[in-house]
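Worksheet: the structure to be examined is printed underneath.
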Amino acid sequence: MSRIVLNTDLGSTKIDRHIYGHFSEHLGRCIYDGFWVGEDSPIPNVRGIRTDIVEALKAIHIPNLRWPGGCFADEYHWMDGIGPREERPSMVNTHWGGVTENNHFGTHEFMDLCEQLDCEPYICGNVGSGTVKEMSQWVEYLTFGGQSPMTDLRAKNGHPEPWKVKFWGVGNENWGCGGQMRPEYYADEYRRYSCYSRNYGENQLYRIAGGADRDNFHWTDVLMKNAGKHMHGLSLHSYTLTDTWAKKSSAIDFNDAQYFSCLKSALSIDERIAKHATIMDRYDPEKRVAMIVDEWGTWHECEPGTNPGFLYQQSAMRDALVASVTLDIFHSHADRVRMTNIAQTVNVLQSMILTEGEKMLLTPTYHTFDLYKGHQDAISIPMDFDAGEIKLGDQTLPALSGSASRSEDGTVLVTISNLDLTHSHPLEIDVRGMDVSSVTGRILTADTATAHNTFENPEQVKTQAFEDVTIENGTLKATLPNLAVVALELR
Ligand code: AHR
């Protein structure tokens, strides 16, 4: 039996809704054959953007969408993606399968997508192969309200009014695919590019510097030291692997040891964030600069028979648990981590959604985001409990993971995951600081960690009402089945 003490009236750190952000790159079938089907498609769409995807993402309250990459961003020349579509030049997408990119999805289409999703755009500019002028003109084209060559061009392309763009990425992975730079060099480039990415009128950019990969603490140190004053956010990329980069494992065909190693890899982000945050604290004790984990999630082997450059993978109950434990960790670092973007929304890596022609399915990971959406912009409530332990050979995992928050209307959301492959887990929550008049629960669970949804059986893994919960004299009792994510709403 685990006992949790929940002081519902404590805590002051907000879980920024942007922690629930998403990422969409021109990679494989994320944009084309994903979000974008084109206006003439028989698949229901609004101005070429697929309606069922928009509806599904709105239902989980998507707060922001990062675009156009990823590695693609540092090869993308935005002017190729404006004007009449049939006149746009094409290019080779060298990073992702060497396919021809026809630039039919560009700035106007992306801003339309964000408007349809009712989310904030997070645009990543090109430092690696672009110019300062090019980035500067993109910001002007998007956000300047007065008359200029760029705004004349925008009007000619059908959008006289400026858009609002807040989140502005200055390059991506500039230590690697974004230019193979040294941190000292990138820090200077960051300062130059961000300087000419201007604020126009009321549009104030929130400038995000390209950050470290995983445990490259030196990168964070140099960036904070040399450019910290000039940025609002510094990114971090941290993918979850089951084995190694060289030897990945299948998303749906794995054994118990691989379940353990994958969850272990996901949990290691806690220490990683803490170490990067310690470095940031040294230069920025007030925590003005946010840590932006703008690429995270599982990276498995591609589905057999698909283009290896397209990073198309299935998503199982194991991924749903990777998502829940990672979101719990983000909540616990919400004082510094104020935005994250899971990679990538549709048909790439740890997706929310998979498509096949007109068919669409929601992955188990989508359902975790659904169960967790009430945490967005709520106050994180400290939750201390003995998580217990599960063992397999010499591998150990906590049995439970969880987090809690209080929304403005007083509702308390408690989300708890049972990572145990086979055993259910009884739980007692001592709820202090509120009189609970009602508790409602939802659960995502499956018999096996490999369980997943297919186009033939798209509702194999889905949420349902969770009835196994009682409340008496302020004590909540529940039994969590094995492999489960439970969300309890206390009022
Ligand atoms: O998400 C896939 C790729 O992973 C991105 O393009 C890149 O930034 C990272 O290496």
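In the numbering used here, the protein residues as written are 0 to 490. Beta carbons are placed, not taken as given, at the ideal position from N, Cα and C, and that holds for glycine. These numbers come from a predicted model, not from an experiment.
### Message
So, with DSSP's three-state summary, where would you put Asp293?
### Response
strand
### Task
State the beta-bridge partners of Arg317 as determined by DSSP.
Answer is none; Arg317 lacks a bridge partner.
### Task
Following the continuous alpha helix (DSSP H) through Leu152, name the residue where it begins and the one where it ends.
148 to 155
### Query
Could you give the residue range of the beta strand (DSSP E) that holds Thr354?
352 to 355
### Query
Could one say the Cβ of Val336 lies closer than 8 Å to chain D's Cβ atoms, at least one of them?
The chain inventory of the structure shown lacks chain D, comprising one protein chain alone.
### Query
So what does DSSP say about Phe384, is it helix, strand or coil?
strand
### Task
Using the Cα positions of Trp218 and His332, report the straight-line distance between them to the nearest angstrom.
20 Å
### Message
For the ligand AHR, is there any heavy atom lying closer than 7 Å to the beta carbon of His299?
### Response
no
### Query
Which one or two residues does DSSP pair with Cys123 in a beta bridge?
Gly168
### Message
Alpha carbons only, please: which of Leu64, Gly124, Leu141, Asn156 is nearest the one belonging to Arg87?
### Response
Asn156
#### Entry: Limits of the unbroken beta strand (DSSP E) element including Asn6
1 to 6
### Message
Using the Cβ count rule (16 or more neighbours within 10 Å means buried), how would you classify Thr50?
### Response
exposed
### Task
Entirely within the stretch 65 to 124 and at least 3 residues each: give me those beta strand (DSSP E) ranges in chain order.
90 to 92, 98 to 100, 119 to 124
### Cys123 versus Val138 - alpha carbon distance
11 Å
### Enclosing alpha helix (DSSP H) for Gln136 [first to last residue]
131 to 142
#### Entry: Residue closest to Tyr282, alpha-carbon to alpha-carbon, out of Met230, Lys57, Gln459
Met230
### Beta-carbon gap between Val347 and Thr354 smaller than 8 Å
no
### Query
Who pairs with Phe309 in a beta bridge, going by DSSP?
Paired residues: none, contrary to the question.
### Query
For Gln463, does the three-state DSSP call read helix, strand or coil?
strand
### Message
Give me the DSSP bridge partner(s) of Gly440.
### Response
Leu487
#### Entry: Proximity of Val292 and Ser416 at Cβ, strictly below 8 Å
no
### Query
Per DSSP, what kind of secondary structure is Gly232 in: helix, strand or coil?
strand
#### Entry: Beta-carbon proximity of His451 to Gln463, cut-off 8 Å
no
### Assigned secondary structure, Tyr195 (DSSP; H/G/I helix, E/B strand, else coil)
coil
### Task
Could you say which of Ile81, Ala477, Asp369, Pro120 lies nearest to Asn101 if we only look at CA atoms?
Ile81
### Message
Once the 5 residues before and after His330 are set aside, which same chain residues still bring their CB inside 8 Å of it?
### Response
Ile14, Ile18, His374, Ser379, Ser402, Ser404
### Message
Using a 10 Å radius around the Cβ and a threshold of 16 neighbouring Cβ atoms, would you call Met223 buried or exposed?
### Response
buried
### Message
Once DSSP output is grouped into helix, strand and coil, what is the label at Asn346?
### Response
coil
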